[in-house]
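Colleague: full-length UniProt numbering puts the first residue of the sequence shown at 1, with every later residue one more than the last. From the three backbone atoms N, C-alpha and C, an ideal C-beta is built for every residue, glycine too. Supplied in structure tokens, the structure appears directly below.
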Amino acid sequence: MPVKPSKPTSGRSEAGEHATKASPLSPEASSSATPATKPARLRRFHVAGQEIVLGDCLQALQRMKAGEIDVVVTSPPYNIGLGYAKYRDRRREDEYLDWMVEVATEIRRVLRTDGSFFLNIAGTSAEPWLPFELAVRLRSLFALQNHISWVKSIAIPGDSVGHFKPVNSARYVNRNHEHLFHLTLRGDVPLDRLAAGVPFKDKSNIARRGHAQDRRCRGDTWFIPYETVQDRLQKFNHPGTFPVQLPELCIRLHGKPKARVLDPFMGTGTTLLAAARLGARGIGLEIDPSYVAVARQRLSEEPASDDE
């Protein structure tokens, strides 16, 4: 359970979902822990080159060293009433935003000066302002370098592709996308746009426009559908998973080989799975031991990566 009852402490991401030497989680590394508060015990696990920390995300972040992380990819609780086992996903909005700023302040401290923070979040049709309220709150800490729309389902002439949760309403249309805020310290981080790119549709563009390869920038709309599942068990009994391709693209876009990746709301380990597949070194924080168990199992089943 949370150490501070007034603050939520678990994560939505799988990203929510969501080392043996020189581990960034040494108690002496904390620069902001309150002396009067007895630090909670954090349990660490190492699987497939990735580190998992079971415990409160704020306390874990406070024990990390400054400037250790290249890429943060995470999807925190959305405060929309999802059914987590160890976290109540319905707080007063001001309380939720204050807590998220507190977490983001620690993320800023552990992020390298050339690091990237990819924040996936969404509102609801009845409460659409929350993602934007959070983005504005974070303006004092980060520059919004890119705003990417994660498209989960799209309608094209004569067809539709992807998955969405239908909205039974006379007022609202179905919500088929979520926000992905790319935050950096100054807004000037170079990216490897082609590493996260797509092939040209018109191949004549390659030679005609002098491109070195059949690859172009993906842009700010990323169509990443969920895999088809029949029940909650196939989503690891987690209410807010995301596809592994989402953190994979974020890590590729940042473009640093063997990057140090962090997901402070690890959930069932999707961000760490992406890191493992790309040869990156990930660390995931999660308060729910059942999600940690799933993440460890998923990572143990992942074949060794050849990605350099």
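1) According to DSSP, is TRP150 part of a helix, a strand, or is it coil?
2) Give the range of the alpha helix (DSSP H) segment to which THR221 is assigned.
3) Could you round the C-beta distance between VAL53 and PHE117 to whole angstroms and report it? I think they count as a contact, below 8 Å.
4) What number of angstroms, rounded off, separates the C-alpha of ALA104 from the C-alpha of TRP150?
5) Any idea what DSSP makes of GLU106, helix, strand or coil?
6) Output the distance between the C-alpha atoms of GLY255 and LEU191, rounded to the nearest integer angstrom.
7) Going by DSSP in three states, PHE132 sits in which element: helix, strand or coil?
8) Does the beta-carbon of ASP188 have 16 or more other beta-carbons within 10 angstroms, so that it is buried, or is it exposed?
9) Please list the terminal residues of the continuous alpha helix (DSSP H) segment that includes GLN245.
10) What do you reckon, are the CB atoms on PHE181 and LEU144 nearer than 8 Å?
11) Quick one: give me the first and last residue of the alpha helix (DSSP H) that VAL261 is part of.
12) Looking at the secondary structure, which residues open and close the alpha helix (DSSP H) in which LEU58 lies?
13) With burial defined as no fewer than 16 other Cβ atoms inside 10 Å of the residue's Cβ, what is the status of TRP222: buried or exposed?
14) Less than 8 Å between C-beta atoms, sequence neighbours within five positions excluded: which residues of the same chain meet that for GLU301?
15) If you measure between the beta carbons of GLN59 and LEU299, is that distance less than 8 Å?
16) For ARG41, list the residues DSSP reports as bridge partners.
Modeller: Taking the structure as given:
1) Three-state DSSP puts TRP150 in a strand.
2) Segment 221 to 223 is the beta strand (DSSP E) holding THR221; no alpha helix (DSSP H) there.
3) Rounded, the Cβ-Cβ distance is 18 Å, inconsistent with contact.
4) Cα atoms of ALA104 and TRP150: separation of roughly 21 Å, rounded to the nearest angstrom.
5) Residue state, collapsed to three classes: helix.
6) Rounded to the nearest angstrom, the two C-alpha atoms are 6 Å apart.
7) It is helical.
8) It counts as exposed.
9) Here the alpha helix (DSSP H) through GLN245 covers 245 to 254.
10) Contact: yes.
11) From DSSP, VAL261 is part of no alpha helix (DSSP H) but of the beta strand (DSSP E) over 260 to 263.
12) Start and end: 57 to 62.
13) Taking a 10 Å sphere around the C-beta of TRP222, we find 16 or more other C-beta atoms and assign the residue as buried.
14) Nothing meets the Cβ criterion.
15) Taking the C-beta atoms as reference points, LEU299 is found no nearer than 8 Å to GLN59.
16) None; ARG41 has no bridge partner.
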